[in-house]
Amino acid sequence: MRNLLLLLLSSTFALAQNPVIDSLQNRLKQPQADSFRVMTLHELATNYWWNGYDSLAIQTLRAGMRVAQKANYPTGEIRARLALARIEADYLSDTKSAHAQLDTAYNQAVSIRDLSLQGQVFLRRGQLYSHILTKLPESRASLQKALAKFLEARDQRWEAQTYNEMAIMKMGEGQSVEAINLWLKARKIQENANDWKSLRATLPNLGAAYLQMNRYDDAMKYFTEGEKIANRLNDGMVKVFLIGRQAEIHEKKGRYDQALTLYLEQIKAYQNPYQPSSLARAYGAAGRVYIALKQYDKALTYSRLSQKTYRETVEDTQEALEHSAQHNFGEIYIARKQYARAIPYALTGLAWTEDAREMRPERTKYLRQLAIAYDNLNQPAKALRYYKWYKAEADTILNEESLQKVTIAGMTYDFEKKQQVTRLQQAQQQNRITTLEKDQLTQSRNFLIAMLVLSGGTLGYVVWSNRRLRIKNEELSRKNAEIEAALYRGQTMERKRVASELHDSVAAKVSALKWRFEAMDTSQFDDGQQREHTRLLDHMGEVYDDIRAISHNLMPEILEKQGLQAALIKLTDTLNVQNRTRFMLEVDDSGADVRGKTAYELYAISLELVNNILKHANARSAGIALHRQNGFLKLTIQDDGAGIDENTVSDGIGMRNIQARLERLGGSFYISSPEPGGTCVNVQVPMAS
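Residues -16 to -1, 1 to 673 in mature numbering (1 follows the signal peptide of the UniProt record, and there is no 0) are what the sequence shown lists, from first letter to last.
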């Protein structure tokens, strides 16, 4: 339907090795609460899909759906159905089943009154329809319904993703200005929320829009920004997408050898893991470049691969046509002067595009081929008919593109002009403020002169005192900040020193003492002495382990070097080896850049809460989650144990310590007891801390 290859938000490139999948598979082997198991299965299925293992992803989603149904966990079941429909949108191999999944998901979302999930159903249905030419009106309507639901739910993440899908459709319709405006809306939301995973798709899509308008400098600016985020997230799919866009720039500038090298590199990447829709377009692009290089045999081979690959992605009940390949066939046979062979391809393509405004660029290419072919076959009437039609369509495209280029240039000019107007208004405002200040000074001076005898001295003293007090307050604030920073540095150094002393001195001495006890000749001991000897050895071992744990927790090396996320990963790994309670961690890169005081305080809070779970909860499983949301860093620790009396929580020393740490960070926490049991502690601190 659309020649322009736009990166979809949900596509991710597979790494050659993915430790995340191994970790999730190992997590499934451990005992978990049903809701945690559903979340793990969903996360595993998502990673299977991202890595090209679609069959495994579908099987895993269905397994998660069964667990969710058994556990009466409708949210998990709905998300599984949505994911199954999303996978189908890439293939169109069983759209009837996908729509059935969405129907069920919508009814369930309505029953639990979840507006965001209702909106996601409309979004997925819009994606399904967007690849079928006759269903484009239904696709637009579904996306509008999705947007309305997300706005009502105030779910900005999905609101931005809907703008992304709408922009892709606008771009396919040739409405570049509207598409760019939608992507700019999405970008603003995602930047405000620090949603880098979504920005990694929005920025390259913006670049692709400018590339379509032949604004190469603007396109490269967005491609460069997108590449930086892709490198940060280690996202290979974005990198492969950008390879194709660089190839397109070379192709449009006539550098065909460089373009071909990049297109072939892109083909190799899409072959493993297998991405059929993207691969079909890459084959077609390579065929197009071979035509420009006059290597028609290779052009024909790659065009046939494009047609075959695209045909295999859709279900047998649907007709399909890959226009990049279809157009290539006509160009190849015209170049070889086999005009009669070119005509059927051009007529077939024209029939597909005849009544579709979105397909005007493709329709124009087929009309040109028909005009050339009939002219060379000495059929002037048909040649003239198609030439006039071609000319009318081409002029329309030229006028629309010219208008859009002017509009985009005007957008840039208006933006710069608004900045200039804003600066001018600020300067004028400053002048007015200065004038007012001068007037006020004049009035004050006259008043002081009039009242000099009675109140001049007092007024001067008050002004001087206020100024000195303000200076002292500013100096005090600065010193307080310096003292706080120095205090944290000093505490960190002291923690390191104490930890080192405990590890290198006290622990070593206890270890030596334990070794000497182990070396004692106990052959002459009676049974009571043997038991006492064994008990002492056990106590020494426990003391040694406690000293090592305390020295580590005073200032974990991994916390200082790699941040909070790495420290929490190591903590859960250690807990799952040493304890019967199984801990799961969900971080999503939220704590990768959390360092310093904030990282230490949150880590200490995590230790306190984990210790409470191990000592008092008698839980089978527990979860630790770290997320960013609405300008806050949120830490959630939940277990399925015995629960806690919320009225007596504040009496404990541990909870008072947590409260004190959060006051230093400007944060807060609250405790709840969710059904059917257990305890949930929610901690949040401002990200600025």
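The beta-carbon is built from N, C-alpha and C at its ideal position, and this holds for glycine as well.
The model shown is predicted, which means the values in this text are computed figures rather than measured ones.
For the 8 Å CB-CB criterion, E592 and I542 do not form a contact. For I655, the uninterrupted beta strand (DSSP E) segment begins and ends at S652 to S656.
Cβ atoms of A266 and Y280 stay farther apart than 8 Å, at about 19 Å.
Beta-bridge partners of Q230 (DSSP): none assigned.
Across the set L263, K80 and R369, the C-alpha of L263 shows the shortest separation from the C-alpha of V224. Around the beta carbon of G615, a 10 Å sphere encloses fewer than 16 other beta carbons of the protein chains shown; the residue is thus reported as exposed.
Looking at the backbone, the Cα of P364 and that of E296 are separated by about 39 Å. Contact between the stretch 136 to 145 and the stretch 109 to 120 is absent: fewer than three C-beta pairs spanning the two stretches fall below 8 Å. Residue burial annotation: M504 is exposed, with fewer than 16 other C-beta atoms found within 10 angstroms of its C-beta. Inclusion of I316 and I251 in the CB contact set at 8 Å is not warranted, their separation being larger than that value. Inter-residue distance for L135 and P658 is about 28 Å (C-alpha atoms, whole angstroms). The distance from the Cβ of I164 to that of A192 is about 10 Å, inconsistent with a contact at the 8 Å cut-off. L244 sits buried, since 16 or more C-beta atoms from the chains shown fall within 10 Å of its C-beta.
For K618, no alpha helix (DSSP H) run applies; the uninterrupted beta strand (DSSP E) run containing it begins and ends at F616 to D623, by DSSP. Inter-residue distance for S81 and F20 is about 27 Å (C-alpha atoms, whole angstroms). As computed with DSSP, E570 is found in a beta bridge with A609.
Taking a C-beta distance under 8 Å as the contact criterion, Y374 and L351 qualify as a contact pair. Distance check between S590 and each of N602, L619 and S605 places L619 closest, using alpha-carbon atoms only. Contact check for A357 against Y371 fails: the beta carbons are separated by 8 Å or more. Every unbroken stretch of the alpha helix (DSSP H) spanning 4 or more residues and falling wholly within the stretch 68 to 119 is given here in chain order: 79 to 95 and 99 to 114. In the DSSP assignment, V669 falls within the beta strand (DSSP E) that extends over T663 to P670.
Judged by DSSP secondary structure, L543 falls within the alpha helix (DSSP H) whose first and last residues are E541 to Q546.
Counting only the Cα atoms, V222 lies some 11 Å from S182. Excluding the 5 residues flanking it on each side, P15 has same chain C-beta neighbours closer than 7 Å at R566, R604 and S605, in chain order. DSSP places N176 in the uninterrupted alpha helix (DSSP H) bounded by S160 to N176. I628 carries a coil assignment under DSSP once its states are collapsed to helix, strand and coil. A straight line joining the alpha-carbon of R65 with that of S39 spans about 15 Å.
Each residue's CA atom was taken as its position, placing K205 and R199 some 10 Å apart. Within 10 angstroms of the beta-carbon of L12 lie fewer than 16 other beta-carbons, which makes it exposed. Taken through DSSP and simplified to helix, strand or coil, Y57 comes out as coil.
The alpha carbon of M639 has as its nearest neighbour, out of A588, T88 and K172, the alpha carbon of A588.
Between G651 and V665 a beta carbon distance of about 12 Å is seen, past the 8 Å cut, so the two are scored as non-contacting. In the structure shown, M204 adopts helical secondary structure according to DSSP, grouped into three states. In this structure, the alpha-carbon of H234 lies about 46 Å from that of Y90. The C-beta distance from L8 to I42 rounds to 16 Å, too long to meet the 8 Å contact threshold. At the C-beta level, N178 and R612 come within 8 Å of one another.
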